[in-house]
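**Q** Numbering (my numbering), first residue to last: 3 to 381.
Let me begin by handing over the structure; questions about it come next.
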Amino acid sequence: MDLTLTESEAAFRDEARDWFAKNHPGETPRGDEKVEFEFRRSWQKTLHDGGWAGLSWPAEFGGRGASLIEQTLFNEEMGAADAPLPANVLGLVMGGPVVIAHGDEAQKERYLEPILSAEEIWCQGFSEPESGSDLASLKTRAVKSDGGWKITGQKVWTTYAHEAKWCMLLARTDQDAPKHQGITYFLLDMDQAEVEVRPLRQITGEAEFNEIFLEEAFVPDENIVGEVGAGWSVAITTLMFERAGLGALAVVGLGRAYEELLKLIAERDVGSDPSVRERMAKLKIGLEAMRLGAMRTLTATMKTGIPGPEASLGKWEWAVLNQEMTDLATEILGVDGLKSDEEWTYRFLRSRANSIEGGTTEVLKNIVAERVLGLPRLR
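Structure, rendered in C-alpha cells:
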C-alpha cells in the first residue's frame with residue numbers, strides 16, 4: 003500500500019483541519035450524562051450541516067461519497083483537534099451502512115437522513131443473558147401477527163438504548179430451524195409500551211449500557227432488513243462494520259491518549275525510568291501496528307464494500323493497548339490514581355470493559371485464527 007497522500011487527499015485533509023479549527027464546539031461537559039449526550043447530539047448536527055456526517059456514505063444517501071482514505075484522514079483530524087465523537091455513533095458506523103447494504107429503497111428513504119442528523123438515535127439488540135459470545139443461540143422470539151411480528155425476549159449490554167429511537171434487533175422467527183438459520187433482522191421502534199429499558203450501572207458510575215425487556219413488542223413487516231429467516235448474514239455484516247468502524251476511531255483515540263500519557267510522564271518526572279520507557283516504546287509500536295493494520299483493512303474494504311474478518315484484529319488490539327496504557331498511567335499517578343475525579347482513574351475503570359464489549363477478546367481470537375489465518379475450527 004502507498005501511504006503517500008495524493009494532491010486531492012492532502013487538500014481534503016487541509017479542508018477538514020480548517021473546518022475543525024473554525025467549528026470546534028469546545029470542551030465536552032462532564033458530570034451529567036444527559037447534558038453530555040445532548041452536547042454530542044448538537045455537535046453531530048453541526049457535522050451534518052457541514053457535510054461531514056456519514057462522510058463515506060454515497061452522496062445519494064446523504065453522505066459525501068468520500069473514499070475510505072478520506073474518512074480516515076477526517077478521523078485523524080478530528081482526533082488532532084480533540085473534537086468529541088458524534089452522538090449517533092452506532093447509527094453512523096453500523097445502522098446506516100447496513101441499511102445501505104441490505105435495506106430496500108423505502109428503508110433507505112426513511113432511516114438514513116435521521117441517522118445523519120442525530121434526530122433518531124440507534125442501538126443494537128444482539129446480545130442476550132445466555133447468548134453473548136454464542137450469539138446464534140439467541141432465544142428472543144418473533145411470532146407472526148397481522149401485518150408484522152410480535153417479539154418477546156430480553157437483550158443486554160445495549161449501548162444508549164435509553165436514548166434510542168431504533169434498535170437493530172435479532173430475533174428467532176423459526177424455532178425449529180438450525181442454529182444459524184431461522185433468525186430475522188428487525189428494526190424495532192423503541193417508543194412503545196411493550197419495550198422496557200433498564201439501565202446497567204457500570205464501575206465508572208455511568209449507565210451507558212442497558213437491558214431491554216420485550217413483551218410482544220410489534221414490528222411491521224416493512225421493518226425487516228433482508229429476508230425472513232436470513233438475518234444471520236445481515237448480522238455478520240453489522241458486526242464487521244462495527245469492528246472496522248469503531249476500530250478506525252479507536253486508532254485516533256489511542257493516539258490522543260498516548261500524547262496525554264507523555265505529558266503525564268513529563269509532569270511526574272519519570273521519563274528516565276527504564277521500565278516506563280520500555281512500556282511506552284511497546285505501546286508506540288503497538289499503536290503504529292494497529293494504524294497500519296487499519297489501513298490494510300481499508301484496502302480490503304475498498305475492494306468489496308464490506309469489511310472482512312480481519313477487522314476483528316483491530317478491536318482486539320485496541321482492547322489490549324488501551325488497558326495497558328491506562329494501567330501504566332494509574333501506576334505513574336500512584337495514590338492520585340485512586341481518586342474518583344481523576345480522568346485517568348475513569349479511563350482505567352472504563353477500559354476493563356474493552357475486552358468484553360463489541361465481541362470478547364477470546365471470540366475475536368477465534369475469528370482471526372479461523373477466518374483470517376485459516377486454522378482449524380474450534381471444537
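For glycine and all other residues, C-beta sits at the position ideal for the given N, C-alpha and C.
Tell me which residues share the same chain as I185 and place their Cβ nearer than 6 Å to its Cβ, disregarding the 5 neighbours each side in the sequence.
**A** Looking up residue 185 in the sequence shown gives position 183. Same-chain partners within the cutoff: L172, R174, G233 and W234.
**Q** From T239 to G53, what distance separates their C-alpha atoms?
**A** On the sequence shown, position 237 is the one that residue 239 refers to. On the sequence shown, position 51 is the one that residue 53 refers to. Cα to Cα, the separation comes out at about 26 Å.
**Q** Select from I123, K181, K141 and A195 the residue whose C-alpha is nearest the C-alpha of Y162.
**A** Counting from 1 along the sequence shown, the entry for residue 162 is found at position 160. Checked all of I123, K181, K141 and A195; the closest Cα to Y162 is I123.
**Q** Assuming Q73 is part of the alpha helix (DSSP H), what are its boundary residues?
**A** Locating residue 73 in the sequence shown gives position 71, where the first residue counts as 1. Segment L70 to A82, the alpha helix (DSSP H) holding Q73.
**Q** Between the Cα of S147 and the Cα atoms of K110, E218, S342 and L300, which residue gives the shortest distance?
**A** The residue you call residue 147 lines up with position 145 of the sequence shown. Among K110, E218, S342 and L300, the Cα nearest to that of S147 is on E218.
**Q** Rounded to whole angstroms, what is the Cα-Cα separation between S69 and L7?
**A** Position 67 of the sequence shown holds residue 69. Position 5 of the sequence shown holds residue 7. Rounded to the nearest angstrom, the two C-alpha atoms are 13 Å apart.
**Q** Run through the DSSP bridge pairs and tell me what I226 is partnered with.
**A** Within the sequence shown, residue 226 is the residue found at index 224, counting from 1. Paired residues: F188.
**Q** State whether the region 74-85 contacts the region 6-20, with contact taken as three or more CB pairs (one from each stretch) at a distance under 8 Å.
**A** Result yes; three or more Cβ-Cβ pairs closer than 8 Å.
**Q** Which residue or residues does DSSP assign as beta-bridge partners of L241?
**A** For this step, residue 241 is matched to residue 239 along the sequence shown. L241 pairs with nothing; no bridge assigned.
**Q** Measure from the alpha carbon of E269 to the alpha carbon of each residue in F41, L335 and E229, then state which is nearest.
**A** Mapped onto the sequence shown, residue 269 falls at position 267. Measuring from the Cα of E269, the nearest candidate turns out to be L335.
**Q** Could you check the C-alpha separation between P276 and M282 for me, to the nearest Å?
**A** Locating residue 276 in the sequence shown gives position 274, where the first residue counts as 1. Locating residue 282 in the sequence shown gives position 280, where the first residue counts as 1. Cα to Cα, P276 sits roughly 10 Å from M282.
**Q** Which residues does DSSP pair with G150 in a beta bridge?
**A** On the sequence shown, position 148 is the one that residue 150 refers to. According to DSSP, which records beta bridges pairwise, G150 is partnered with S147 and P222.
**Q** So, helix, strand or coil for W168, using DSSP?
**A** In the sequence shown, residue 168 corresponds to position 166, counting from 1. Strand at W168.
**Q** Below 6 Å CB to CB, which residues in the same chain sit around F215 once its five sequence neighbours on both sides are set aside?
**A** Residue mapping note: residue 215 aligns to position 213 of the sequence shown, counting from 1. Taken in chain order, the residues that qualify are Q156 and E198.
**Q** For G207, verify whether its CB is less than 8 Å away from any heavy atom of the ligand ADP.
**A** The model on display carries no ligand, and the ligand ADP is accordingly not part of it.
**Q** On the CB-based measure, 16 or more other CB atoms within 10 Å of its CB, does M304 come out buried or exposed?
**A** Within the sequence shown, numbered from 1, the residue matching residue 304 stands at position 302. It is exposed - the Cβ of M304 has fewer than 16 other Cβ atoms within 10 Å.
**Q** Taking buried to mean at least 16 other C-beta atoms within 10 Å of its own C-beta, is S129 buried or exposed?
**A** Numbered from its first residue, the sequence shown carries residue 129 at position 127. S129 should be labelled buried.
**Q** Give me, in chain order, the residues of the same chain whose beta-carbon lies closer than 8 Å to that of V230; leave out the 5 immediate sequence neighbours on both sides.
**A** Walking along the sequence shown from the start, residue 230 turns up at place 228. Hits under 8 Å: T175 and T186.
**Q** Answer yes if the region 84-94 comes into contact with the region 39-46, meaning at least three C-beta pairs across the two stretches below 8 Å, and no otherwise.
**A** The answer is yes - the region 84-94 touches the region 39-46, with three or more Cβ pairs under 8 Å.
**Q** Does the distance from the C-beta atom of F63 to that of K24 stay below 9 Å?
**A** Taking the sequence shown and counting its residues from 1, the one referred to as residue 63 is at position 61. Taking the sequence shown and counting its residues from 1, the one referred to as residue 24 is at position 22. Not in contact: F63 and K24 (Cβ atoms no closer than 9 Å).
**Q** In chain order, what residues of the same chain have a beta carbon less than 7 Å from the beta carbon of D193, not counting five sequence neighbours either side?
**A** Indexing the sequence shown from 1 puts residue 193 at position 191. Here the set comprises K167.
**Q** Helix, strand or coil for W54, going by three-state DSSP, please let me know.
**A** Counting from one through the sequence shown, the residue named residue 54 turns up at place 52. Looking at W54 - three-state DSSP - the assignment turns out to be coil, as it is neither helix nor strand.
**Q** Assuming contact is defined by CB atoms lying nearer than 9 Å, are L94 and E72 in contact in what I supplied?
**A** What you label residue 94 is simply residue 92 of the sequence shown in a count that begins at 1. What you label residue 72 is simply residue 70 of the sequence shown in a count that begins at 1. Cβ distance not < 9 Å, so L94 and E72 don't count as in contact.
**Q** Grab me the residues of L266's own chain with a C-beta within less than 8 Å of its C-beta, minus the 5 sequence neighbours each way, in chain order.
**A** In the sequence shown, counting from the first residue as 1, residue 266 sits at position 264. Around L266: A331, I334, L335 and W346.
**Q** Mapping DSSP to helix, strand and coil, what is Q204?
**A** Translated into the one-based positions of the sequence shown, residue 204 becomes position 202. Looking at Q204 - three-state DSSP - the assignment turns out to be coil, as it is neither helix nor strand.
**Q** Is the beta carbon of R354 sitting closer than 9 Å to the one on A259?
**A** For this step, residue 354 is matched to residue 352 along the sequence shown. For this step, residue 259 is matched to residue 257 along the sequence shown. No, the pair does not count as a contact, with Cβ atoms beyond the cut-off.
**Q** Would you call G105 buried or exposed, if buried means 16 or more other Cβ atoms sit within 10 Å of its Cβ?
**A** In the sequence shown, counting from the first residue as 1, residue 105 sits at position 103. Buried is the call here.
**Q** Looking only at C-alpha atoms, which of A82, D343 and G316 sits nearest to E261?
**A** Residue mapping note: residue 261 aligns to position 259 of the sequence shown, counting from 1. If we check each option's Cα against that of E261, A82 comes out closest.
**Q** Grouping DSSP H, G and I as helix and E and B as strand, with all else coil, what is L377?
**A** In the sequence shown, counting from the first residue as 1, residue 377 sits at position 375. Coil, per DSSP.
**Q** If we call anything under 9 Å between Cβ atoms a contact, is G134 one with I117?
**A** Indexing the sequence shown from 1 puts residue 134 at position 132. Indexing the sequence shown from 1 puts residue 117 at position 115. No, the pair does not count as a contact, with Cβ atoms beyond the cut-off.
**Q** Am I right that L323 and L285 are in contact with their C-beta atoms under 8 Å? What's the rounded C-beta distance?
**A** Counted from its first residue, the sequence shown places residue 323 at position 321. Counted from its first residue, the sequence shown places residue 285 at position 283. That pair is a contact at about 6 Å.
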